[in-house]
Amino acid sequence: MASAAAAAAVTLPRVMLASAALRVAMLVLGEWQDAHLEVRYTDVDYLVFSDAAASVAAGGSPFARATYRYSPLLAYLLVPNSLLHPAWGKLLFSAADLLVGLFIDTILKLRGVPDSTRIWSVVAWLFNPFTFTIGTRGNCEPIVCAVILWILICLMNGASFWYGLIVHFRIYPIIYAIPFVIVLGKSYAGPAGRPILTQWTSKQHLRSDKSSPSAEGATSLLINLWNSLRSLVTRNTILFGLLSGSMFFLWTGVFFYLYGWEFLNEALLYHLSRTDPRHNFSIYFYHIYLHHQQGFSSIQKLASFLPQLIVQLALILRFSRDLPFCLFLQTVAFVAFNKVMTAQYFVWFFCLLPLILPWTTMKLKWKGLACILVWMGSQLHWLMWAYMLEFKGQNVFIPLWVAGLMFLAANIFVMLMVINHHKFTPLFSSSSVKSASKIAAKKE
Amino acid sequence: MLCVSAPAAERESMAAASGPWLLAVVAWVLGVAAASSSSTGQAGTNQKFNKCMPCSRRYVADSYLNTLTGQLAEHRDLTETSDSADLCKGLDYDLDAPMLSELHRRLVGEGSHRRLVYHVKFANCADAMVNFLDSYDANLVVIENLPNGVFADPFELHHFVERKVYVDVAVFGDTNLELPSALSNRSSVEIHVDLAPSASMNCNNLVIDLPLHARYPRLDANGYATVEFGSPDLLLRYRKKDVVPDSCSWLLKDLDAAPVEKAAWRIPCGDEAHIGFVSSTTFLSALVCSILIVIAALFY
Chain A
52 MASAAAAAAV TLPRVMLASA ALRVAMLVLG EWQDAHLEVR YTDVDYLVFS
102 DAAASVAAGG SPFARATYRY SPLLAYLLVP NSLLHPAWGK LLFSAADLLV
152 GLFIDTILKL RGVPDSTRIW SVVAWLFNPF TFTIGTRGNC EPIVCAVILW
202 ILICLMNGAS FWYGLIVHFR IYPIIYAIPF VIVLGKSYAG PAGRPILTQW
252 TSKQHLRSDK SSPSAEGATS LLINLWNSLR SLVTRNTILF GLLSGSMFFL
302 WTGVFFYLYG WEFLNEALLY HLSRTDPRHN FSIYFYHIYL HHQQGFSSIQ
352 KLASFLPQLI VQLALILRFS RDLPFCLFLQ TVAFVAFNKV MTAQYFVWFF
402 CLLPLILPWT TMKLKWKGLA CILVWMGSQL HWLMWAYMLE FKGQNVFIPL
452 WVAGLMFLAA NIFVMLMVIN HHKFTPLFSS SSVKSASKIA AKKE
Chain B
9 MLCVSAPAAE RESMAAASGP WLLAVVAWVL GVAAASSSST GQAGTNQKFN
59 KCMPCSRRYV ADSYLNTLTG QLAEHRDLTE TSDSADLCKG LDYDLDAPML
109 SELHRRLVGE GSHRRLVYHV KFANCADAMV NFLDSYDANL VVIENLPNGV
159 FADPFELHHF VERKVYVDVA VFGDTNLELP SALSNRSSVE IHVDLAPSAS
209 MNCNNLVIDL PLHARYPRLD ANGYATVEFG SPDLLLRYRK KDVVPDSCSW
259 LLKDLDAAPV EKAAWRIPCG DEAHIGFVSS TTFLSALVCS ILIVIAALFY
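Protein sequences, first through last, are from chains A and B. Going by my numbering, the first residue of the first sequence is number 52, and it counts up by one from there. Going by my numbering, the first residue of the second sequence is number 9, and it counts up by one from there.
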């Protein structure tokens, strides 16, 4: 009863208002900390963005600022930083952060999740300490999150425009290309000519193959593979590919014309070939540091790329029809197996987490809590060694690298837990009916 | 085959030849500097020099320091601009410019981000200094030649200029902020500090902060790489307040900074002995983890 009353008190406008107030408070606190304490609240990258924006405002190239590795669009967005107020960008990013909250609500509403469940998913984003600090510290990721969710909202009408734009802005969403194409490839048109979304129900049938042996899983994977390949080429997918591709090349072309190779090298190619020998969460950092003097053999390059490729393909083939779930797992895996990993990348999957919460059977007590603790604990453990190395100057490369391996294990543990407790629900209905009937037919 | 191999061979021979060639350039420039050392107080020497440079030139160090960083020098060193020009005509060398009485330099902090802190004191502090600053604009110029393995962030220093901590600052040489020592060259920092505000207080006990950052050092079995700083160059740069724009030039006076205490920075470094097991364990863990995910997807 008490929880019901609490749920009634927690409405979307109230949550939005409270989180807006929280962000304003964080902005003010951050300004105070920057002025008074040695450790700055503001993200180092925010200073880079601001310098690049100042350069643009002065008529120059944003790439005049060393280590500016983003699309010039970001510098344009922050031009008011030098014209109006230095905190403009933080306000903008925090606004995008709030928008993500609204989009989560919209998506879950479209998928038929009731108010009471929806609101807690929104809260899981808006009051996640990782996310509300990241926008107020001046990190641009909330904008990317907002556009990714916006793409999910308008997957059919105009999604390609946004997808081309956001891949130009930040490259990582390129990993969503195949699942998008797979989902678009199936004809889900309902009677009204629009795809039918599978609606959330509180008593969903458990995973159809929970009791089925491994062989069934393997064959369904093969069937999936065949279906996926066959459905990759349709009018919808070709249109999506052409439009988003030309959108990407249009933006890239315009900025290549304006800023030349500097833009291409810094904003695009740098991210594709990035290897960082300096410590970061990635398991590969010490390996890269140990080899930086002699370079890498092609076998080593392949060995560090292969696990990423295997995982991405497996996740896409198995889960792409439950699109938000697939995107979430892909992002967690992409970050976990990447050659460079910093805390800002976590926002990429935190914005997708609320989209899968209504379909999880995991309870906060105790499995959910266990996941959170394992993930946070291994991260704090890593941070402790990183602090010893960077701020105390102690040689702790080996413990730091082991802590990175442990963090990878924690990420995998969380992924396995999430997979095992997820109620697989295809985004669009018609296909789920088809495949369900297929499975039923098979069983008979 | 030929088409492929020919450029490769060319590249190799160029790489092999560039070493001695660079050395020759450096030797030539140093030779020029030595020949004209009657008036050059180059880094490390204690010879006095008074010279001038046009106001249009912002920095003292931009030309000759390039030779230190292994880059091609512009062949324009201090001597050229100072002695050859008519600039210095009619400028007063024998002026009673402030003399340095004390200079201390300390490396402050722990870990990868530290500060070099300079404490500078002038001899004739009270009245003479005030008189001097009444008629002259004067800057203290600190030139620190950073050893390999340590860098200054020009953007960070630029914010010091915006906050009016420095009058001006520049970093010459390799200013890449991310590369490890093995893949980067040396750099130098030139800081200009206004003498005027400090004259009125504290009897010219000037404190200058230079934030520095460590690069990842070369691999070494010792576990730590030690980076040592040489002595900085301190110059006084001044000009009359009522300058004629056409013939404006700065007078430069070497403050004869005596060698300061050696500053050493111990930076942890990776050990080559780790290569085998670190790389194999890393790849193996990644592979095992990826297979776990595949199995989970397969049996879902």
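C-beta: ideal position from N, C-alpha, C; glycine also.
Of the listed residues the options, nearest to residue i (C-alpha basis)
i               : options                           : result
G117 of chain B : B:S257, B:A271, B:D145 and B:A305 : B:A271
V198 of chain A : A:W277, A:V383, A:G215 and A:I229 : A:G215
P64 of chain A  : A:R91, A:Y119, A:A115 and A:L177  : A:L177
K474 of chain A : A:T412, A:I463 and A:F356         : A:T412
G112 of chain B : B:A190, B:V215, B:G231 and B:N230 : Per the sequence presented here, residue 112 of chain B reads as His, with Gly not at that position. Answer by Cα proximity: B:V215.
A304 of chain B : A:G346, A:F385, A:V465 and A:L78  : A:V465
S333 of chain A : A:F154, A:N462 and A:S348         : A:N462
K443 of chain A : B:A281, B:Y232, B:S143 and B:I301 : B:Y232
P50 of chain A  : A:G189, A:A147 and A:R162         : The requested residue 50 of chain A does not occur in the structure, where chain A is confined to residues 52 to 495.
W452 of chain A : B:V197, B:S298 and B:F285         : B:F285
V305 of chain A : A:L403, A:P123, A:W201 and A:V391 : A:P123
Reduced DSSP category for residue i - H, G, I as helix; E, B as strand; rest coil
i               : result
F140 of chain B : helix
W258 of chain B : strand
M466 of chain A : helix
L76 of chain B  : With a pLDDT of only 45 at L76 of chain B, under 50, the local geometry of the prediction cannot be trusted, and the value read off the model is given with reservation. Looking at L76 of chain B - three-state DSSP - the assignment turns out to be helix.
S195 of chain B : strand
S133 of chain A : helix
I275 of chain B : strand
T62 of chain A  : coil
L88 of chain A  : coil
I407 of chain A : helix
T10 of chain A  : Outside the displayed span of chain A (52 to 495) sits residue 10 of chain A, for which this structure offers no information.
S112 of chain A : coil
Y308 of chain B : coil
Y396 of chain A : helix
Beta carbon proximity, residue i to chain B, threshold 9 angstroms
i               : result
Q430 of chain A : no
R318 of chain A : For the record, residue 318 of chain A in the displayed sequence is Ala; it is not Arg. No - not a single Cβ of chain B is within 9 angstroms of the one on A318 of chain A.
S112 of chain A : no
S324 of chain A : no
M466 of chain A : yes
F332 of chain A : no
E441 of chain A : yes
L357 of chain A : yes
Q344 of chain A : yes
D102 of chain A : yes
L497 of chain A : Outside the shown range of chain A, which is 52 to 495, sits residue 497 of chain A, and nothing can be said about it.
Exposed unless 16 or more other CB atoms sit within 10 angstroms - verdict on residue i
i               : result
S253 of chain A : exposed
N139 of chain B : exposed
P267 of chain B : exposed
V174 of chain A : buried
M107 of chain B : exposed
C256 of chain B : exposed
G181 of chain B : buried
F181 of chain A : exposed
L292 of chain B : exposed
P62 of chain B  : exposed
Interface flag, residue i vs chain A, CB-CB below 9 angstroms
i               : result
P276 of chain B : yes
A304 of chain B : yes
P188 of chain B : yes
Y232 of chain B : yes
I309 of chain B : Outside the shown range of chain B, which is 9 to 308, sits residue 309 of chain B, and nothing can be said about it.
D176 of chain B : no
L191 of chain B : yes
A272 of chain B : no
D70 of chain B  : no
Within chain B, partners of residue i - CB distance below 9 angstroms
i               : result
I470 of chain A : I301, A304, A305 and Y308
G140 of chain A : By Cβ distance, chain B contributes nothing, its closest Cβ being about 16 angstroms from G140 of chain A, past 9 angstroms.
S106 of chain A : Here the premise fails: no neighbours, minimum Cβ distance about 11 angstroms.
Beta-carbon neighbours of residue i, restricted to chain B and to distances below 8 angstroms
i               : result
M392 of chain A : Those do not exist, as M392 of chain A stays about 12 angstroms from chain B at its closest Cβ, beyond 8 angstroms.
Y97 of chain A  : None at all; the shortest Cβ gap to chain B is about 12 angstroms.
S480 of chain A : None at all; the shortest Cβ gap to chain B is about 20 angstroms.
Partner residues on chain A for residue i, Cβ-Cβ distance less than 7 angstroms
i               : result
Y224 of chain B : P328, R329 and Y340
V286 of chain B : Y337, H338, L341 and W452
Neighbour flag for residue i against chain D, beta carbons, 9 angstroms
i               : result
V362 of chain A : The chain labelled as chain D is not found among the protein chains of the depicted structure, namely A and B.
Per-residue contacts from residue i into chain A (C-beta, under 9 angstroms)
i               : result
I216 of chain B : Those within 9 angstroms of I216 of chain B in chain A number zero; the least Cβ separation is about 19 angstroms.
Cross-chain neighbours of residue i in chain B, by beta carbon under 7 angstroms
i               : result
N446 of chain A : G231, Y232 and P276
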